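Here the structure comes first, spelled out in structure tokens, and everything after it is commentary.
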Amino acid sequence: MIFSANPPIDLPIEKLTAAQKWELFQFLWQDVVEDHENDIAPPSWHEPILRQRLEKIESGKAVWQDLDQAFDDLRNELK
6 MIFSANPPID LPIEKLTAAQ KWELFQFLWQ DVVEDHENDI APPSWHEPIL
56 RQRLEKIESG KAVWQDLDQA FDDLRNELK
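Spelled out as structure tokens, the structure:
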């Protein structure tokens, strides 16, 4: 994969192991969070969804689910 830069950066991501990709992801994520958090606006569709969820919580209509159970449900749906 070649990244737009001056000069261009050729990073053979497809040749990295899963562990190396995970390490790269963590590095990039931490860099974004620490140095660029205010530079990136959330997508416009986030606000109405968050507003709806907050309204459900405030009205007592929110349904809470254990995280492990939620993952199990997703895994079962994807089988």
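For the sequence shown, the working numbering assigns the number 84 to the last residue and increments by one with no breaks. The beta carbon of each residue, even a glycine, is placed where N, CA and C say it ideally should be. Remember, predicted model here, so these are calculated numbers, not experimental data.
Straight-line gap, residue i to residue j (C-alpha atoms, nearest Å)
i          : j          : result
residue 52 : residue 39 : 23 Å
residue 79 : residue 71 : 12 Å
residue 6  : residue 48 : 25 Å
residue 73 : residue 83 : 16 Å
residue 67 : residue 50 : 20 Å
residue 64 : residue 12 : 54 Å
residue 28 : residue 10 : 22 Å
Residue i - DSSP class collapsed to helix/strand/coil
i          : result
residue 15 : strand
residue 45 : coil
For residue j and residue i, believed in contact at Cβ under 8 Å, the rounded distance
i          : j          : result
residue 8  : residue 21 : Rounded, the Cβ-Cβ distance is 14 Å, inconsistent with contact.
residue 14 : residue 26 : Not really, about 16 Å apart at Cβ, beyond 8 Å.
Any C-beta of chain B under 8 Å from that of residue i
i          : result
residue 51 : The structure shown contains no chain B, having only a single protein chain.
Same chain only: Cβ atoms within 7 Å of residue i, ignoring 5 sequence neighbours per side
i          : result
residue 61 : 67
residue 43 : none
Contacts around residue i, its chain only, beta-carbon distance under 6 Å, and the 5 residues preceding and following it disregarded
i          : result
residue 54 : none
residue 30 : none
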